[in-house]
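Going down the list, the sequences are from chains A and B.
Each residue of the first sequence is one higher than the one before, starting from 1 at the first, in UniProt numbering.
Each residue of the second sequence is one higher than the one before, starting from 1 at the first, in UniProt numbering.
By construction, the Cβ of each residue, glycine as well, lies at the ideal position given by its N, Cα and C atoms.
Have a look at the structure below before the remarks.
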Amino acid sequence: MHNKSVAELSRELESGKISSVELTREFLDRIKAEDRQYNSFITVTEDQALADAKTADEQRAAGKASVWTGVPFAHKDIFCTNGIATTCGSKMLANFVPPYDATVTANFRAAGAVCLGKTNMDEFAMGSSNESSFFGAVTNPWGLGNGEKRVPGGSSGGSAAAIAARLVPAATATDTGGSIRQPAALCGVTGLKPTYGRVSRYGMIAFASSLDQGGTMARTAEDNALMLNVMAGFDPKDSTCVDRAVPDYTATLDEPLKGLRIGLPKEYFSDQLSPAMEQQIRNAVKEYEKLGATVKEVSLPNAKLAIAAYYVIAPAEASANLSRFDGVRYGYRCDNPKDLNDLYTRTRAEGFGGEVKRRILVGTYALSAGYFDAYYLKAQKVRRLIQQDFVNAFKEVDVLMSPVTPSPAFVQGEKTSDPVTMYLEDVFTIAVNLAGVPAMSVPAGFVDGLPVGLQIIGNYFEEARLLNAAHQYQQVTDWHQKLPQ
Amino acid sequence: MTISREDIEKVAVLARIRLDEEQIPALENDLGNILSLVDQLSAADTDNVEPLAHPLDAVQRLRADKVTETNQREAFQAIAPATESGLYLVPRVIE
């Protein structure tokens, strides 16, 4: 059962071949037996999951089931879960048990899905390798067969590794600069970052609020569509959430791709991309041509400035957001503070890890008197130039395709000594967040036995088109079905 | 682009993060590298470009000024490090 998709599991439950309690038990047993080698979960909620599964079985027996009723999944440990620890991968929140649900959490609860636990992540979602988690690094299931401990990517590395290892069929994730797409690519799973504002950020612990967006991760595009059906929608509790009708994302999966206009941004096929990776991406584009799509080169001339703009805007917003962690109302507090300033400065020095502190300091610097115009305002202007590039590209084509990462999963420890080397991992994903458009990562081959992700970028609110394109590709390829040894 | 020891100490005070002496050389290096990366922005021509704060240029919604939430003080204070009589405790501020 653990190799089946959400859609398949839902049908098995509906047919009565298996109960949710049995299914939940099977996945919990797998987590118990196997997660020691991956460390993809921070918290496993066994008792709650079994109780929820029992309720789901009763609902189904009473004829009150939805697609998700009784289907196991997991939440990235950034989504607040009422009564269940929510750590954001940080010592600062290691003891934090939220008294409320995030909107995304409440939506899955209402749909009857069974949450098995909370997945590991880079601390406060800052990282591209899952090595900055206070709860230890996550190991990618790919490469382990050769004895190599590779990163799963980040920051949603726990969600991606858990799905790749078949410990859950689906998991929530978030993406501020690539944190869904990059780990999905490195772990060979399918992930979607929706349009900014499509999914509520209420109860999703904030990193950079003008960029953060909750999204989906699963093996298939169809399962991503099922997840987005639950997650998307207007929420008055999130002031930047967009009030716009939500389509049924599964309804258009089967539409033919004939006439789809694909643009290949030439800046994303640069010399940063390894030839072997480029070959896989070009092969994937050829499959799309066979499906009736047309292909042309396009340009995103300001994309080269995306990392620079991001590393002003994201740290600046992080420095403001993370000022709430002061040791007073919740979370970590240092021992024996001698005065209020000592309470603040020691709580924050002891509670935050190295990368989080670096970003807070950079952000504070960029926002400080005398530097605001040169850094923050300048970065926001460049952000508009980057956005305009996408607006112009989508006048000519329906979707953009590119690699997700310049190379496949790297070995743990390889990029931890220099922050900037790690930042360059997101060179193809970051501009999407600055523009706020939706994008997916779809498994599209292997290099040296490691998964390669194809990035498909769409115009604002065109998630359905992306899911359709990914689903059709998955009907003619089986990269997404491959299993790590 | 370099950042001085004095700048780092000043920013750490603003950010309320205590730094130990031995952390500063590594931070000078790391923050200097990050600021060098960011320096690419200065080459961009942004004359007459409006800064972008929200990708869809949305503005804050307004709502009626009425109470919609219930008081959950007990639930919130149950997870606080130190409380007394419904108040959050911090070290003495006024001698």
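- Our two residues, A:K17 and A:L9, have alpha carbons roughly 10 angstroms apart in a direct line.
- Contact annotation: A:E148 and A:N468 have beta-carbon atoms that are not nearer than 9 angstroms.
- Separation of A:M121 and B:I8 (C-alpha to C-alpha, rounded to the nearest whole angstrom) is 28 angstroms.
- Inclusion of A:A409 and A:V151 in the CB contact set at 9 angstroms is warranted, their separation being smaller than that value.
- Its Cα nearest to that of A:F135, the residue A:Y38 stands out among A:I430, A:P265, A:Y38 and A:L483.
- The stretch 229-247 of chain A makes contact with the stretch 94-110 of chain A; the number of CB pairs closer than 8 angstroms reaches 3 or more.
- Per DSSP, A:G363 is one residue of the alpha helix (DSSP H) stretching across G354 to L367.
- In this structure, A:F428 is the residue among A:F428, A:Y310, A:G215 and A:G449 with its C-alpha nearest to the C-alpha of A:L264.
- Under the Cβ criterion (8 angstroms, minimum of three pairs), the stretch 178-198 of chain A counts as touching the stretch 450-458 of chain A.
- Taking a cut-off of 8 angstroms on C-beta distances, the stretch 421-435 of chain A touches the stretch 170-177 of chain A, as three or more cross pairs fall below it.
- Ranked by Cα distance from B:V49, the options A:G370, A:R36, A:Q380 and A:A61 are led by A:Q380.
- Look at B:I17 here: in three-state DSSP terms it is coil, with no helix or strand label.
- Counting only runs of 3+ residues, the beta strand (DSSP E) found wholly inside the stretch 146-197 of chain A occupies 170-175 and 190-193, in chain order.
- Within the same chain, Y88 come within 7 angstroms of B:A80 by CB-CB distance, once the 5 residues on both sides are set aside.
- Apart from sequence neighbours up to five positions away, the residues of its chain that approach A:K118 with a beta-carbon distance below 6 angstroms are I42, T43, H75 and D77, ordered along the chain.
- Taking 9 angstroms as the CB threshold, A:Y311 lines the interface with chain B.
- Residue environment: B:A53 is assigned as exposed (fewer than 16 neighbouring CB atoms within 10 Å of its CB, all protein chains considered).
- A:R324: not part of any alpha helix (DSSP H); DSSP gives it neither H nor E.
- The three-state secondary structure of A:T87, taken from DSSP, is coil.
- By the Cβ rule, the stretch 49-61 of chain A counts as touching the stretch 21-29 of chain A, because three or more pairs are nearer than 8 angstroms.
- With 16 or more neighbouring CB atoms inside 10 Å of its own CB, A:E222 falls in the buried class.
- Where A:T24 is concerned, the enclosing alpha helix (DSSP H) starts and stops at S20 to Y38.
- Under the three-state reduction of DSSP output, A:H75 falls in the strand class.
- Rounded to whole angstroms, A:G215 and A:P438 show a C-alpha spacing of 10 angstroms.
- Around A:L377, the beta-carbon contacts reaching into chain B at under 8 angstroms are P51.
- The beta strand (DSSP E) runs of length 3 or more contained entirely in the stretch 196-225 of chain A are, from start to end of the chain, 213-218.
- At a cut-off of 9 angstroms between C-beta atoms, A:A349 counts as an interface residue with respect to chain B.
- Not one beta carbon of chain B lies nearer than 9 angstroms to the beta carbon of A:V285.
- The alpha-carbon of A:F269 is positioned some 13 angstroms away from that of A:V285.
- The alpha helix (DSSP H) runs of length 4 or more contained entirely in the stretch 227-295 of chain A are, from start to end of the chain, 275-290.
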